[in-house]
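Residue numbers (our numbering), protein chains in the order written: chain P, 71 to 178; chain B, 184 to 395.
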């Protein structure tokens, strides 16, 4: 007995799915990209609070995004305390915009 | 984190962060209280007094200088109180986006000035006009960042203007009542926001990111 696909379900183009940016698509990194897209820059403390990630987890995902060229990370000192400031790069902003457009197309 | 609503929620939350601690509200409220005092001084000055020259220059200087001082105070307070607890977010965009924003503000100001002239010609109370402008501006902020206390403040500004407008006062006298009323409203809303923030992120929560 074979199953036929339901007519109610939207047809998803497999090619579109394959083209989705895997770096951004991971939920934790998507959260980070969303936060950084809403501002010019944010520090590690804010990102950790906004995404509820552990310190190690957050560091790993930030490194991955930096390697992809989507964010830049600046280490500095504020009131003698180390402060890590992250911002989306131009390619990062473009990639996030494209990702959202792709997801919107897939959801149609 | 797999729907666009989650993405939007996170983006709005970040945009809202600037207003979360209520410090900006309280600083702007203080600024409006002082503006009200300036108008009160102006309305109590007898005609022909040399003080009029001071008021003439004082208002523009206060608007520009007070705005700068309020901005500096907010940044200073946030760097001492908010950022060590819950992190730092920079909003200022550079380059073309900032230029477009400044041009937009300039055009909006010019449009409002033009409408203000028409309002004066129609003999409608300028305070009513300001009430509607504040309602529009704060409703925009409220919907943009999903922060409903600003909608409440916009309505408060309209109610104040509706109460003051029929009193047949001069513009200076009306302003001497209206702006302190706005200022007190903002300080009250800011205080409530601050209490909520302070409870949710007590000082011992302050942390650095040495292991980042």
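In this text, a Cβ means the ideal position worked out from N, Cα and C, and glycines have one as well.
*Measure the beta-carbon distance from residue 209 (chain B) to residue 374 (chain B) and round it to whole angstroms, keeping in mind my assumption that it falls under 8 Å.*
Locating residue 209 (chain B) in the second chain gives position 26, where the first residue counts as 1. Locating residue 374 (chain B) in the second chain gives position 191, where the first residue counts as 1. Their Cβ separation, rounded to whole angstroms, is 7 Å, which keeps residue 209 (chain B) and residue 374 (chain B) in contact under 8 Å.
*What number of angstroms, rounded off, separates the C-alpha of residue 88 (chain P) from the C-alpha of residue 102 (chain P)?*
Counting from 1 along the first chain, the entry for residue 88 (chain P) is found at position 18. Counting from 1 along the first chain, the entry for residue 102 (chain P) is found at position 32. If you take the alpha carbons of residue 88 (chain P) and residue 102 (chain P), they lie about 22 Å apart.
*Is the Cβ of residue 269 (chain B) closer than 8 Å to any Cβ of chain A?*
Within the model displayed, chain A is absent; protein chains P and B are what it includes.
_Would residue 113 (chain P) pass as an interface residue toward chain B - the criterion being a Cβ-Cβ separation below 8 Å?_
As a working note, residue 113 (chain P) is residue 43 in the first chain. Yes, residue 113 (chain P) lies at the interface with chain B (some Cβ there is under 8 Å from its Cβ).
*asked:* List, in chain order, every chain P residue whose beta-carbon is nearer than 7 Å to that of residue 193 (chain B).
replied: Your numbering for residue 193 (chain B) matches position 10 in the second chain. Within 7 Å Cβ-Cβ: 101, 104, 105 and 120.
_CB contact check: residue 264 (chain B) to chain P, cutoff 8 Å_ = For the purposes of this step, residue 264 (chain B) is identified with residue 81 of the second chain, where counting begins at 1. It does not; no Cβ of chain P falls within 8 Å.
*Which residue or residues does DSSP assign as beta-bridge partners of residue 157 (chain P)?*
Translated into positions along the first chain, residue 157 (chain P) becomes position 87. According to DSSP, residue 157 (chain P) bridges with P:142.
*Could you tell me whether the stretch 131–142 of chain P touches the stretch 167–175 of chain P, using the rule of 3 or more Cβ pairs below 8 Å?*
no
_chain B within 8 Å of residue 137 (chain P), Cβ atoms only_ = Your numbering for residue 137 (chain P) matches position 67 in the first chain. Answer no: the Cβ-Cβ gap between residue 137 (chain P) and chain B never drops below 8 Å.
*Take residue 197 (chain B) and list the residues in its own chain whose beta-carbon comes closer than 7 Å to its own, dropping the five residues that flank it on each side.*
Residue numbering aside, residue 197 (chain B) sits at position 14 when the second chain is read from its first letter. Apart from sequence neighbours up to five positions away, the residues of its chain that approach residue 197 (chain B) with a beta-carbon distance below 7 Å are 272, ordered along the chain.
*What does DSSP give as the partner residues of residue 151 (chain P) in its beta bridges?*
As a working mapping, residue 151 (chain P) is identified with position 81 in the first chain. In the DSSP output, where bridge partners are listed per residue, residue 151 (chain P) has P:148.
*Please name the residue, chosen from P:174, P:108, P:155 and P:159, that lies closest to residue 115 (chain P) on a Cα-to-Cα basis.*
Looking up residue 115 (chain P) in the first chain gives position 45. Per the Cα distances, P:155.
*From the beta carbon of residue 108 (chain P), is the nearest beta carbon of chain B less than 8 Å away?*
Walking along the first chain from the start, residue 108 (chain P) turns up at place 38. Closer than 8 Å to some Cβ of chain B, the Cβ of residue 108 (chain P) qualifies, so yes.
*Taking Cβ-Cβ distances below 7 Å as the criterion, which residues of the stretch 347–361 of chain B are in contact with chain P?*
none
*Comparing the CB of residue 167 (chain P) with every heavy atom of the ligand GTP, is any distance shorter than 7 Å?*
With respect to the ligand GTP, the structure offers nothing, as it holds no ligand at all.
*Among the residues of its own chain, which have a CB less than 6 Å from the CB of residue 202 (chain B), if the five just before and after it don't count?*
Translated into positions along the second chain, residue 202 (chain B) becomes position 19. For residue 202 (chain B), where only same-chain residues beyond five positions count, the Cβ hits under 6 Å are 330.
*Does residue 377 (chain B) come within less than 8 Å of chain P when only Cβ atoms are used?*
Numbered from its first residue, the second chain carries residue 377 (chain B) at position 194. Output row for residue 377 (chain B): interface = no.
_Looking at chain B, is there any beta carbon in it that lies within less than 8 Å of the beta carbon of residue 173 (chain P)?_
Within the first chain, residue 173 (chain P) is the residue found at index 103, counting from 1. Judged by the 8 Å Cβ criterion, residue 173 (chain P) is in contact with chain B.
*Could you give the DSSP three-state label for residue 296 (chain B): helix, strand or coil?*
Position 113 of the second chain holds residue 296 (chain B). Of the three classes helix, strand and coil, the one that applies to residue 296 (chain B) here is helix, per DSSP.
*asked:* Could you pull the DSSP bridge partners for residue 399 (chain B) from this structure?
replied: Chain B is shown only over 184 to 395; residue 399 (chain B) falls outside these bounds and no answer can be derived.
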